[in-house]
Structure formats: structure tokens, C-alpha cells
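Below is one structure, written out as C-alpha cells, with a few remarks after it.
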Amino acid sequence: MSQCSRRQQKSAATLLNLLMTCVLVSALTAVHVYARQSTGGSAGTTGRSAGTSSNQSTPATTTGNQSGVSESGSGILNQGQTASPTAPGQTTQTGTPNGASQTQANQSGANPTGQTTGGTASPTGASPGNTIGQGNAAGEPSGTSVQSNQAGNGIGGAPSTRGVRGTQTGAAVVTGAPSTLSLAQAIQLALQNNLATLLARERAEEARGLARESLSALLPNLSAASYQANRTVNLRAQGIQFSGAPTLVGPFNNFDARLNLAQAIFDLSALRRYRAGRFGIEAARLQEPLARQQVATGVTLAYLDVLRAGEQARAAQSNLELAQSLLKLAQDQRNAGVATGVDVARAATRVAEEVVRVTEAQTSAEQTQLVLQRIVGIPQGAPLTLVDTLQFTQETFPAIDTALAQSTQNRYEIRIAEAELTQRGLERRAINAEQLPSVAFTGDYGLSGNTPFQSDLPTRSAAIRLNVPIFNGGLTRARLSVATSQQRQAELQLGDVRGQVEEDVRLALVGARTSAEQVRASEATVRLAERELQLARDRFQAGVADNIEVIGAQTAVENARATHVAALAAYNVARANLAAALGQAETFRL
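Per the numbering used here, residue 627 is the first one in the sequence shown, and the count goes up by one each step.
In C-alpha cells, the structure reads:
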């Protein structure tokens, strides 16, 4: 008995030491947590809240951004504006140099989970950014922003690029530098190299992984376990106490090796969660073609901007040559005694002004080319000749009903929003099904004995378990309320996306028709201005008038040329707008 008492005392001391150790560890942990909450708790909470908000969006889409898919506002910039820094994962708009034009799309990216943020779905936890559904007063297609700066010379300037869905994300991969580049080649290179398309592809893989994760709840769960132990047992602690029975039994060996199987037989909630995950895959899968459309539009804008800057540079060079010829005429007239020194000084001043404008136009052309090379994914600064030209191509635009039908069929924003709505409905039904009973099978089979080779015998168990939820503190009802609200939000977003798509189409058609008339009017203006200059030149050469009329007519020619270049650029941008509104940005050609 004395030996048993010593064992009991030793065991009690060991247990007491263990309890004291646990209490000490718990106290230290509480102090550490309190210190973290005091110093950075509010910031951490804010970060978690922001992370939750941005993660719950694509068409996302959940673009987002994802995209991505800017997630703050519509992301539309007017000419001359610059975007402020954005959060990580959002597309940023850096200030463009004078005369350069850049495009920006909110990436949404694709949110594999199908959660929504900021009114749009994003692919990553995608969006995007606001890749869909983000309307704006100007009618730009959702998920897009465009910025264009004028050359700064007071003549012409960058065309308006409102309504075009583009992406400003640069290339994540840089390929070899081609000597010539057509618009079709630029689009294909950007689709291969641009960060937006590569991220959308990876987010689709992420969504598939999450769907497989939800499927695991419906598949068999098989595991194996084995142990070898040496044990002692206090019989009194087990309720065994009678005369002559020992208090402590052991030590003795105990061995067990077993296969365990668990299989859900009926779990409606898990089944609906899996189906919701499948629609999350669909929404994320659609993020890639949506990103391709945005990248194609962004490349088209950058390509058109390079062409516009090149035409402005050539027009500035022509204006310089005209000013030099008029200066020579003024000098000849002075030598002939017809003109005065004032006429020569006036013409020389105009030449100096044109030299400045040529320098500015050339700088703008170089800057826009660097932007294009960055988006497409070719070495920046490499010599590059564009194959396509800025020209007026007479085009028959579709009727409004036909255009609306095409956009409804082709715009991926609508399909993503529809998948998002279906996913929200299934998620709500899955949470509602958590209140229903579930049935599962559990079983095991293995060897049990003292050692693997002593007294080992096969044993097994099999059971059907019925789980009936009764009360969990209102957790299920609260989650159901959240899911119901998210479903209603998805319905509202779908309606907004459809309305935005229709607005995009109508505005694009109006802009295309108007810009076509502007091109025709600018061509007539150029012809009339050149005729006026010729008449003023003849009068000055005949000695009937001084060169004030010539300088005025020269200014009219310069303005007419700049207006014509801007009208050509605006017309082709309007065509790109229409192609983007119809969901045909990848196939757009000049």
C-alpha cells in the first residue's frame, strides 16, 4: 500500500506541474494577444475588412479587378486627369507624358469563390476591379478607363477615347522585338504576354481547385492509423472497486492498426455547395475571355495613339516646311522692294514657332510608342514601324436592335453576372439546407492486440450516423440572412450590367456616326484652308497685300490639318468603342 501511495503522490505532483505549466502558457498567450490588439489591432481589423471586401468580388467578376479588374469607383478618367495610387492588386494609372495616351481597365479579376465586392463580381477576389456593371455618367463600358493627353501645342490633340474598355496593365513577359507591327500582331502579342490575361488564366485554375475542395465533402474519406502503447490503468478511476481487486493494473502493452472510412450518404447542404462551386468555376473561366477583350481594347487604343502622334508629327513637319517656304517668299519680296522687314520678321517668328511644335510632336510620338511597347510586351525603345495607318474607312454600322442582340450574346460581363446570380442562389439554398438532417456512414477495420505479433485479432465497427441540427445559437439563420442579401445584390448587379451594356452600344453607335461626319467636314476644311492660303500667297507675291493675310491663312491650314488628324483618330476610336461594346474587340481592325 505504501508503494501505491508513493505512486499516487508522484502522479498527483506530475499532474499539478502540468496544470501550472498550462496556466502559465495561457497567461503569456493572453498578454501577447492583448499587446498586439493594443498596438495594431485597429489597423489589423481594417486590413482584414478591406481584404474581405476586395475578395468578395468578380465578375467579376470578381474581376476584378479582379481583375481585376480598379475596385474604387468606375475608374474613368477624363483627358488631362491622372489617377491616384491604388491598393495592391489594382491597376494604376501613371501620369502620361505630354501628348501620350494611356488606357486603363479595372481588373477585376476573377473571384473563384464568386463573392462580390463593390457592386461587381471579381475573378480573384478577381475584380477586378469593377470589370462589370460599373456604369458612369459618360457611358463608358464597365470596367474601363481611358486617359488621353493632348500634345500641348494648342493645335489638335488626342482624340476622345470615351467608351472604350481597355487595360493599362503591362506585359508580364517580354518577347523579341519585331521590326514592323500591325494591329493584329500587337493584339496577339499582348494576349500572350499581358499580365491581365495571364492572371485571369491562373484565377480560373484557382477556382477549379476550390470547387474540388467543396466536392471532397461528398466523396469517401479514408484514413489509416496505428499505435503501440504501454499503459497502466487505475481501476478505481474507472468505477471498478471491490474487495481483493488491485487498484493499479499494468503496465501492459496495447497495439492497434486500423483503416477508417467515412462517407456522406445524404448531405443536401454539401451537395448544393458543390453545385455553387461549379458556377464559381464558370464565372472565373469567363474572366479570361473578358480580360482578353479588355487587353485587346487597350492595345487598340495605344496603337491608335501612336498613329495619331505620328500623324501630328508629320503635320508639324509639313507646317514647318510651309513656314520656311513663306519665309523665303517674304525675303524675296523684300529684296524685290515689294515687302518690308516687318514681313520678314513676322515670317521668321512663325518658323521658330513651328520648330518648337515639331520637337513637341516628335517627343509625343516617342512617348506613345513606349507605352505601346510596354502593353504589348516587346523591348521598350526598340525601333518599331507600324504597318497600319490612320485612315477613314467608310463603314456601315448595324441597326440598334441588331447591335443590342450582338452585345447581349457576346459581352462576357452579362454571362459572368448571370453565373454570379446562380451561384448566390445555390449558396443561399446550401445554407438553408444546413437546417436539415444529414446521414453519414462510418466504419473501421484493423488488428488489435498487445503487439503486432502477440494476441492480435481482427476487429471492426460499422455505423450509420444521423445528425439532426436543433440549435446553434442562431448562426445558420444569420448566415442565411447574409446569403439572401447577397443574392438580391447579384440580381441588382445583373440588371445594372444589362443596362450598362445597352448604354455602351447606343453611345458607341451615336459616337461612330458623329465622328464619321466630323472626318468629312475636316477634309473639306483642309481643302478650303489650303485654297485660302494659295490666294493670300498670290496676293502677297503680287504686292497687293502684306503677309499678315498669309500668316492668318497659314494658321488656318495648320488648325485644319490638326483637326483632320484628330477627327481621323476620333473616328477610329469610335469604331473601337463600338467593337468593344459589341464584344468584338479581339477582331477589330483598322
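Using N, Cα and C, we set each Cβ at its ideal position, and we do this for glycine too.
Non-local beta-carbon contacts of Thr1110 in its own chain, meaning distances under 7 Å to residues more than five positions away in sequence, involve Arg1054 in chain order.
One alpha carbon belongs to Arg1050, the other to Arg862, and they sit about 57 Å apart. In the three-state scheme derived from DSSP, where H, G and I count as helix and E and B as strand, Ile866 is classed as coil.
Partner residues in a beta bridge of Thr823, as assigned by DSSP, do not exist.
With contacts defined by Cβ atoms closer than 9 Å, Ser1141 and Thr1189 do not form a contacting pair.
Between the beta-carbon of Ala942 and that of Glu980 there is about 7 Å, and that keeps the pair under the 8 Å contact cut. With fewer than three CB-CB distances shorter than 8 Å, the region 906 to 920 does not count as touching the region 881 to 890.
When rounded, the separation of the alpha-carbon atoms in Asp1130 and Ala1207 is 6 Å. Under a 10 Å Cβ-count criterion, Arg976 is classified as buried, with 16 or more other Cβ atoms of the shown protein chains found around its own Cβ. Pro915 sits in a helix when the DSSP states are folded into three classes. Here the region 857 to 871 makes no contact with the region 945 to 952; the two share fewer than three CB pairs at distances below 8 Å.
Between the region 1095 to 1106 and the region 1164 to 1173 there are fewer than three C-beta pairs closer than 8 Å, too few to call the two in contact. Around the Cβ of Thr801, a 10 Å sphere holds fewer than 16 other Cβ atoms; the residue is exposed. Judged by beta-carbon spacing, Gln1119 lies beyond the 9 Å limit of Phe881, meaning their Cβ atoms are not closer than that value. Checking the DSSP bridge columns, you'll see Arg857 partnered with Phe878. Taking 9 Å as the cut-off, the beta carbon of Arg918 is found no closer than this to the beta carbon of Leu815.
Secondary structure of Thr1140 (DSSP, three-state): helix. By the criterion of a C-beta distance shorter than 7 Å, Leu897 is surrounded in its chain by Leu844, once the five residues flanking it on both sides are discounted. The residue from Gly1209, Ser808, Arg1201 and Asn1198 with its alpha-carbon nearest to that of Gln999 is Ser808. Partner residues in the beta bridge of Arg884, as assigned by DSSP, are Ala851 and Gly1072. In the structure shown, Leu845 adopts coil according to DSSP, grouped into three states.
Taking the Cα positions, Gln1210 is about 58 Å away from Ala851.
Short of 8 Å from the beta carbon of Ala810, and not among the five residues preceding or following it, lie these beta carbons of its own chain, in chain order: Arg1215. For the pair Ala1104 and Leu933, the CB atoms are not nearer than the 9 Å cut-off. Within the DSSP secondary-structure output, Val1065 pairs in a beta bridge with Phe892 and Leu1092. Scanning Ala939, Asp893, Tyr929 and Arg1037 for the CA closest to the CA of Gln1061 turns up Asp893.
Rounded to the nearest whole angstrom, the C-alpha separation of Ala1205 and Ala1171 is 52 Å.
For a cut-off of 8 Å, the C-beta gap from Arg1187 to Val1136 is around 26 Å, too long to register as a contact. By DSSP's assignment, Pro1084 forms a beta bridge with Leu1073. The DSSP-derived three-state label of Thr966 is coil. Boundaries of the alpha helix (DSSP H) harbouring Ser1033: Ile1026 to Asn1036, taken from the DSSP string. In the DSSP assignment, Asn1203 falls within the unbroken alpha helix (DSSP H) covering Ile1174 to Ala1207. The beta carbon of Asn1036 sits closer than 8 Å to the beta carbons of Leu1208, Gly1209 and Gln1210 from its chain, once the five residues preceding and following it are set aside; these are given in chain order.
Per the coordinates, the alpha-carbon of Ala1066 lies some 5 Å from the alpha-carbon of Arg1091. By the CB criterion at 9 Å, Leu930 and Asn1203 fall outside the cutoff. Residue environment for Glu839: exposed (fewer than 16 other C-beta atoms within 10 angstroms of its C-beta).
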